[in-house]
Amino acid sequence: MTEKKKISIVLFSGDFDKAVAAFTIASGAAAVNYEVNLFFTFWGLNVIKKYKNRNAIGRGFLARTFNFLMGGFSHLPLSRLNFAGASPKLMTNLMRKRNVATLKELIEASILLKVNFYACEMSINILGLKKEDFIPEIKEILGVAKFLNIAEKGEILFI
Amino acid sequence: MTEKKKISIVLFSGDFDKAVAAFTIASGAAAVNYEVNLFFTFWGLNVIKKYKNRNAIGRGFLARTFNFLMGGFSHLPLSRLNFAGASPKLMTNLMRKRNVATLKELIEASILLKVNFYACEMSINILGLKKEDFIPEIKEILGVAKFLNIAEKGEILFI
Amino acid sequence: MTEKKKISIVLFSGDFDKAVAAFTIASGAAAVNYEVNLFFTFWGLNVIKKYKNRNAIGRGFLARTFNFLMGGFSHLPLSRLNFAGASPKLMTNLMRKRNVATLKELIEASILLKVNFYACEMSINILGLKKEDFIPEIKEILGVAKFLNIAEKGEILFI
């Protein structure tokens with residue numbers, strides 16, 4: 000019996016377009032039977048924060064300021080040509096028009112296809128967040144050593 | 000007989016400096032006999048768009064707007080310190096002065112060294128482009144599953 | 000006897016937050032006995048430039064201008080929400096407050112844990128720099144072929 004193919008993605012970026020790329024690869028790989036691990040860290044944590052929590056979360060003023068500025072899922076900017084948020088909407092419209100899955104649909108597909116979601120312990124500590132601030136699909140909050148262990152013998156992408 | 004070493008690069012970025020990095024790695028790896036696959040997606044598609052097509056391409060107004068804003072090969076910005084396009088020119092001058100290959104030369108070297116060029120099906124669909132809008136060296140337009148298949152058992156970089 | 004696990008990181012970015020990510024992965028992997036290779040290229044060279052050298056280095060006016068603009072270790076910007084350098088300081092304060100290692104501490108830990116530092120020959124040539132402009136922990140200045148050789152059979156991340 001051969002080992003299952005594996006791909007692990009560190010999603011560091013909180014940019015809309017890079018999140019689309021990460022979830023396209025994640026769901027695409029899971030669809031052809033890869034084990035897929037998504038590790039959210041730094042700005043990438045925005046993608047999996049609960050919507051309502053935009054303003055209030057984090058311990059301490061500094062952390063709250065950062066969290067506010069980071070926004071959440073529906074506030075992801077584009078890595079280029081953002082135009083104060085107009086472009087992500089424009090791109091979402093284009094995706095709908097072309098029958099390409101939107102980011103929301105790609106995330107849902109990834110969950111259905113059993114992509115594993117992990118969150119980075121250190122970033123969460125810095126920001127004073129906790130497990131409850133994220134969508135319930137987060138399997139575990141973990142550090143580098145544990146992540147390397149999970150990712151071992153597979154591909155690793157840093158996005 | 001041992002399998003040929005393999006490296007696959009997803010070029011997501013359309014930044015001039017990142018394109019230089021991608022093609023430096025690609026041509027350098029091909030020169031020491033690696034199989035090299037370059038997969039152009041999102042902004043990275045700019046690098047391989049035909050020059051003349053700056054204004055007119057894409058189906059529909061939204062896609063045309065995006066394509067116009069994205070520019071083409073000779074309009075790639077720097078990821079930092081871009082100064083309205085002055086810095087890529089400055090860097091190209093530096094590269095010439097130091098006898099380092101310019102981006103154009105790196106792309107030509109990659110083609111000569113038989114680096115495989117692929118373009119991302121989904122991004123092309125979103126933008127309403129077609130194979131003819133790109134340089135003829137593009138071997139195939141394909142999706143995630145096919146790409147993973149090609150990249151299997153090699154290194155994968157996301158740039 | 001099994002081969003030692005290996006991870007190699009190309010640090011292309013000069014952003015403060017991405018440098019934190021790179022050194023967190025590097026020191027974390029080294030701590031669990033991975034062989035770790037850090038390859039500094041382009042903007043990433045800033046992280047390992049000697050502090051005092053901010054203004055004067057590089058051969059020729061163009062290179063000096065670039066080097067000045069690139070700054071050095073203590074001038075790394077954040078990849079997002081930089082606010083003229085305020086945010087890296089804010090993030091460093093947060094890291095101290097939460098007892099998370101700061102970038103300086105992560106670099107020191109990486110050195111203690113014997114992470115290998117390499118610098119990219121081509122970028123250094125473009126900028127007209129030399130080995131003496133960098134911290135003494137740089138083991139070697141090398142090109143793509145040599146790097147691939149060192150990274151072979153391990154993971155490669157591009158940050």
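Protein chains in written order, with numbering that gives the first Met the number 0: chain X, 0 to 158; chain W, 0 to 158; chain C, 0 to 158.
C-beta: ideal position from N, C-alpha, C; glycine also.
Owing to the predicted nature of the structure, the values given are computational and were not obtained by experimental measurement.
**Message:** Looking at the secondary structure, which residues open and close the alpha helix (DSSP H) in which Val99 (chain C) lies?
**Reply:** In the DSSP assignment, Val99 (chain C) falls outside any alpha helix (DSSP H), carrying neither H nor E.
Problem - Member of W:Glu34, W:Ala20, W:Leu75 whose CA lies at the smallest distance from the CA of Leu44 (chain W) - result: W:Leu75
Please report whether the beta-carbon of Tyr33 (chain X) lies at a distance below 8 Å from any beta-carbon of chain W. yes
Discussion item. Within a Cβ cutoff of 6 Å, which residues of the same chain sit near Asp16 (chain X), ignoring the five residues on either side of it in sequence?
Written reply: For Asp16 (chain X), where only same-chain residues beyond five positions count, the Cβ hits under 6 Å are Leu77, Ser78.
| In the region 134-150 of chain X, which residues sit with their C-beta less than 9 Å from some C-beta in chain C, listed in chain order? | Gly142, Val143, Ala144, Phe146, Leu147, Asn148, Ala150
Check whether the Cβ atoms of Leu112 (chain W) and Ala29 (chain W) lie closer than 8 Å to each other. One thing to note: Leu112 (chain W) has its Cβ within 8 Å of the Cβ of Ala29 (chain W).
>> Less than 8 Å between the C-beta atoms of Thr40 (chain C) and Phe22 (chain C), yes or no?
In response: no
Partner residues on chain X for Phe157 (chain W), Cβ-Cβ distance less than 7 Å: Leu156, Phe157, Ile158
Quiz prompt | Beta-carbon proximity list for Lys49 (chain C), same chain, < 7 Å, skipping 5 on both sides | solution = Asp132, Phe133, Ile134
Exercise. For Asn148 (chain C), does the count of other Cβ atoms within 10 angstroms reach 16, so buried, or fall short, so exposed?
Worked result: exposed
### Close beta carbons around Thr101 (chain X), own chain, < 7 Å, minus the five adjacent residues each side
Thr91, Met94, Arg95
I'd like to know whether the C-beta of Gly153 (chain X) is nearer than 8 Å to at least one C-beta of chain W.
no
Beta carbon of Glu136 (chain X) nearer than 8 Å to that of Phe116 (chain X):
yes
Relative to the C-alpha of Met121 (chain W), which candidate in W:Trp42, W:Ile155, W:Ser7, W:Ile24 has its C-alpha closest?
W:Trp42
Arg95 (chain W) CB to nearest chain C CB: under 8 Å? no
Note to self: Please list, in chain order, the chain D residues whose beta carbon lies closer than 9 Å to that of Ile125 (chain C).
What the structure shows: This model lacks chain D altogether; the protein chains it does include are X, W and C.
Measuring straight from C-alpha to C-alpha, what distance separates Ser26 (chain X) and Lys138 (chain C)? So the alpha carbons of these two residues sit roughly 40 Å apart.
Mind pulling the chain W residues with CB within less than 7 Å of Asp16 (chain X)? Phe41
Report task. Taking Phe11 (chain W) as the query, report the chain X residues whose CB atoms sit under 9 Å from its CB, ordered along the chain. Result -> Asp16, Lys17, Ala20, Ser78, Ile158
So, are the CB atoms of Gly161 (chain X) and Ser7 (chain X) less than 8 Å apart?
-> The structure shown does not extend to residue 161 (chain X), since chain X is modelled only from 0 through 158, so no value can be given for it.
Locate the alpha helix (DSSP H) running through Val143 (chain X), then write down its first and last residues.
That run of the alpha helix (DSSP H) goes 143-150.
Measuring only between beta-carbons, confirm whether Ile24 (chain X) sits less than 8 Å from chain W. Judged by the 8 Å Cβ criterion, Ile24 (chain X) is in contact with chain W.
Check your understanding: Excluding sequence positions up to five away, which residues of its chain have a Cβ less than 7 Å from the Cβ of Cys119 (chain C)?
Key -> Phe38, Phe39, Thr40
Exercise. So is Asn36 (chain C) buried or exposed if we call it buried at 16+ other beta carbons inside 10 Å?
Worked result: buried
Simplified DSSP state of Glu139 (chain W), which is helix, strand or coil
strand
CA-to-CA distance, Val46 (chain C) to Ala18 (chain C), given in whole angstroms: Roughly 8 Å between the two C-alpha positions.
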